[in-house]
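The opening residue of the sequence shown carries number 81 in the numbering used here; numbering runs sequentially from there.
Ideal placement from N, C-alpha and C gives every residue a C-beta, glycine not left out.
Have a look at the structure below before the remarks.
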Amino acid sequence: MKPKTIAILGVGDRGKMFGNAIQLYSHLAKVVAVAEPRQAYREDFAREYALDPAMVFTDWREFISKPKMCDAVVISTMDQDHVTPAVACLKLGYDLMLEKPMATTLEDCRAIEAAQRASNGGIVAVCHSLRYVKNMRTLRDMVVSGAIGRVMTVDQLEPVGLFHQAHSFVRGNWGNEGRSTFMLLAKSCHDIDYTSYLVNQPCLSVMSYGHLSFFTRANAPAGSGERCTACAIEPTCEFTAIKQYVQGDRTQWPAAIVSADHSYEAHLQAIKTGPYGRCVWKCDNDVVDHQVVAMQFADDITVTFTMTGFSHGLGRQIRVHGTKGELRLVNEQLTMYTFATGDTQTITFGEEAGSHGGGDQRVVREWLLALHSRDDSQIVANAQESLKTHTIVFAAEQSRRQGRVVKIAEM
Ligand SMILES: NC(=O)c1ccc[n+]([C@@H]2O[C@H](COP(=O)([O-])OP(=O)(O)OC[C@H]3O[C@@H](n4cnc5c(N)ncnc54)[C@H](O)[C@@H]3O)[C@@H](O)[C@H]2O)c1
């Protein structure tokens with residue numbers, strides 16, 4: 081079996097993760113090309129994978145302007161840079177691993193799905209890692225097996241975590257909708273996708289509320305500066321960028337992403353001048369810091385989802401209530417209560433290596449296996465499936481903005 085040859089477009093945090101994951105399965109695939117505008121990231125990556133200089137590009141636009149040069153492409157650029165390379169790559173005959181969200185508008189998500197159908201059997205996997213995390217997959221398997229009877233209600237909580245909220249959705253890539261996209265799509269399209277996978281029924285309508293209430297200039301404490309490096313209250317502030325990004329372990333997320341060079345001096349410089357040194361109450365963020373979504377699925381299943389930045393961030397929590405019992409997933413513990421017998425069973429999952437509890441590695445493995453078998457039924461979130469669940473997310477955001485119930489059929 082000859083390994084498939086892969087190009088990665090965008091080697092920031094996720095692109096590097098994909099490179100590592102592909103290396104784990106070197107019998108199945110090999111990274112042969114990269115497109116990345118940031119020189120240090122591009123050069124480090126090209127060196128690590130010993131890439132032919134002719135296969136190293138500064139922009140995905142340059143990559144797609146060339147004839148097909150390998151088997152498949154990973155698109156791990158930022159959200160607004162998904163649709164154009166995705167459609168172009170499918171037209172050129174590449175198979176795709178596409179980071180979620182598919183794109184930032186429903187029209188663009190539809191364009192990608194249509195491009196897959198127009199392609200000659202192009203294999204597309206959208207990286208919905210939660211479907212692949214061991215505890216969440218086991219929960220889903222138990223629900224589908226009928227272990228708790230007919231599903232009636234689901235409650236799902238995503239505790240983003242206060243510092244993660246400040247890092248990614250205030251100071252970072254996803255704080256400003258104009259630069260990236262709205263919160264539910266950026267952060268929680270995963271969770272809405274997983275819920276839909278869990279209940280295995282079509283969603284009929286949604287209602288949502290959500291606000292940006294805390295990370296605003298009006299809440300800035302007295303004495304706070306524009307940046308942590310020039311702030312009177314920095315020593316006692318829980319959001320201090322100096323402690324988080326400069327003084328701690330600079331090689332691990334989230335500190336690692338502020339600079340390609342992990343020396344003390346380079347990180348300090350990034351905090352003095354870059355986005356991650358800004359005061360969390362004085363950024364250009366406009367995405368919500370808490371949101372709820374109520375969903376009506378077919379078969380009378382009602383679902384609620386809550387995303388909140390105001391949490392310790394230790395893992396998602398899900399409760400599924402059926403006619404015969406109840407399942408609760410809290411971090412690594414899955415508990416089943418059976419009504420008829422009064423029995424309680426608990427499974428404790430061991431920690432798994434790899435990002436998203438090993439979920440990302442499994443997404444990559446299943447995609448690589450599908451590239452060889454040419455059978456996309458091995459991929460649990462292909463373009464069609466992902467479009468279906470992205471549609472619920474766009475409907476929920478429309479509901480939040482318009483203050484009304486939105487039916488999926490009107491999207
Ligand atoms: N599946 C998940 O769980 C998950 C988790 C986090 C992020 N994401 C998604 O993954 C994507 C990437 O996120 P990230 O955290 O790696 O962001 P990042 O900013 O670390 O990486 C994006 C990279 O794209 C590069 N880039 C910008 N313009 C480019 C161009 N014209 N051509 C090629 N590369 C270009 C940037 O320089 C950067 O290195 C986003 O869509 C994000 O929403 C998915």
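On the premise that residue j lies in contact with residue i, defined as a C-beta separation below 8 angstroms, what is that separation, rounded to the nearest angstrom?
i: Val443; j: Tyr129; result: The pair is not a contact, with the Cβ atoms about 20 angstroms apart (cut-off 8 angstroms).
i: Ala120; j: Asp341; result: 7 angstroms
i: Cys269; j: Val486; result: Actually they are not in contact, since the Cβ atoms of Cys269 and Val486 sit about 16 angstroms apart, beyond 8 angstroms.
i: Met135; j: Ala113; result: 4 angstroms
i: Gly358; j: Glu412; result: With the sequence shown as reference, residue 358 is identified as Arg, and Gly is not the correct amino acid for it. That pair is no contact at about 35 angstroms.
i: Gln458; j: Ala450; result: 4 angstroms
Can you give the Cα-Cα distance for residue i and residue j, rounded to whole angstroms?
i: Gly92; j: Pro147; result: 25 angstroms
i: Glu432; j: Ala302; result: 43 angstroms
i: Lys352; j: Ser106; result: 40 angstroms
i: Ile86; j: Gly95; result: 12 angstroms
i: Pro334; j: Met287; result: 33 angstroms
i: Gly226; j: Thr233; result: 14 angstroms
i: Asp159; j: Val360; result: 22 angstroms
i: Asp366; j: Gly422; result: 48 angstroms
i: Arg492; j: His436; result: A query on residue 492 cannot be resolved here, the shown segment of the chain reaching from 81 to 491 and no further.
i: Leu210; j: Ser145; result: 34 angstroms
i: Tyr417; j: Ala101; result: 37 angstroms
i: Tyr289; j: Ala266; result: 16 angstroms
i: Phe262; j: Val368; result: 8 angstroms
i: Ile192; j: Glu345; result: 43 angstroms
i: Thr255; j: Arg297; result: Reading off the sequence, residue 255 comes out as Gly, not Thr. Near 14 angstroms, if we compare the C-alpha coordinates of Arg297 and Gly255.
i: Thr331; j: Lys362; result: 27 angstroms
i: Leu131; j: Leu104; result: 17 angstroms
The beta strand (DSSP E) that contains residue i, what's its start and end?
i: Thr382; result: Ile381 to Thr388
i: Asp238; result: Residue identity check: residue 238 is Glu in the sequence provided, not Asp. Element bounds for Glu238: Val231 to Pro239.
i: Tyr289; result: Cys283 to His291
i: Gln458; result: Gln458 -> no beta strand (DSSP E), and no H or E assigned at all.
i: Lys126; result: Just to set this straight, residue 126 is Ala in the shown sequence, not Lys. That residue, Ala126, is in no beta strand (DSSP E); its alpha helix (DSSP H) goes Gln119 to Glu128.
i: Ala312; result: Element bounds for Ala312: n/a, residue is neither H nor E.
i: Lys362; result: No beta strand (DSSP E) contains Lys362, which DSSP labels as neither H nor E.
i: Leu89; result: Lys84 to Leu89
i: Met512; result: The chain is shown from 81 up to 491; residue 512 falls before or after that span and cannot be answered.
Taking 7 angstroms as the cut-off, is the beta-carbon of residue i closer than that to any non-hydrogen atom of ligand 1?
i: Cys207; result: yes
i: His347; result: no
i: Leu89; result: yes
i: Ala266; result: yes
i: Thr185; result: no
i: Met263; result: no
i: Asp161; result: yes
i: Met158; result: yes
i: Ala115; result: yes
i: Arg358; result: no
i: Arg94; result: yes
i: Trp140; result: yes
i: Tyr121; result: yes
i: Arg127; result: no
i: Ile337; result: yes
i: Lys180; result: yes
Grab the span of the alpha helix (DSSP H) containing residue i for me, first residue to last.
i: Gln482; result: Ala463 to Gln482
i: Phe295; result: First-last for Phe295: undefined, no H or E at that position.
i: Leu108; result: From DSSP, Leu108 is part of no alpha helix (DSSP H); its letter is neither H nor E.
Quiz prompt | Within the stretch 320 to 355, ranges of the alpha helix (DSSP H) (whole runs, at least 4 residues) | solution = Entirely contained in the stretch 320 to 355, the alpha helix (DSSP H) runs reaching 4 residues are, in chain order, 344 to 353.
Quiz item: Quick one: complete beta strand (DSSP E) runs, 3+ long, within the stretch 388 to 453?
Solution: Runs of the beta strand (DSSP E) inside the stretch 388 to 453: 397 to 402, 405 to 410, 413 to 418 and 424 to 428.
Exercise. At 3 residues or longer, and completely inside the stretch 136 to 189: list those beta strand (DSSP E) runs for me, N to C.
Key: Entirely contained in the stretch 136 to 189, the beta strand (DSSP E) runs reaching 3 residues are, in chain order, 152 to 155 and 175 to 178.
Practice problem: Note down, one range per segment and in chain order, each beta strand (DSSP E) of at least 3 residues found wholly within the stretch 196 to 273. | Solution: Correct list: 204 to 206 and 231 to 239.
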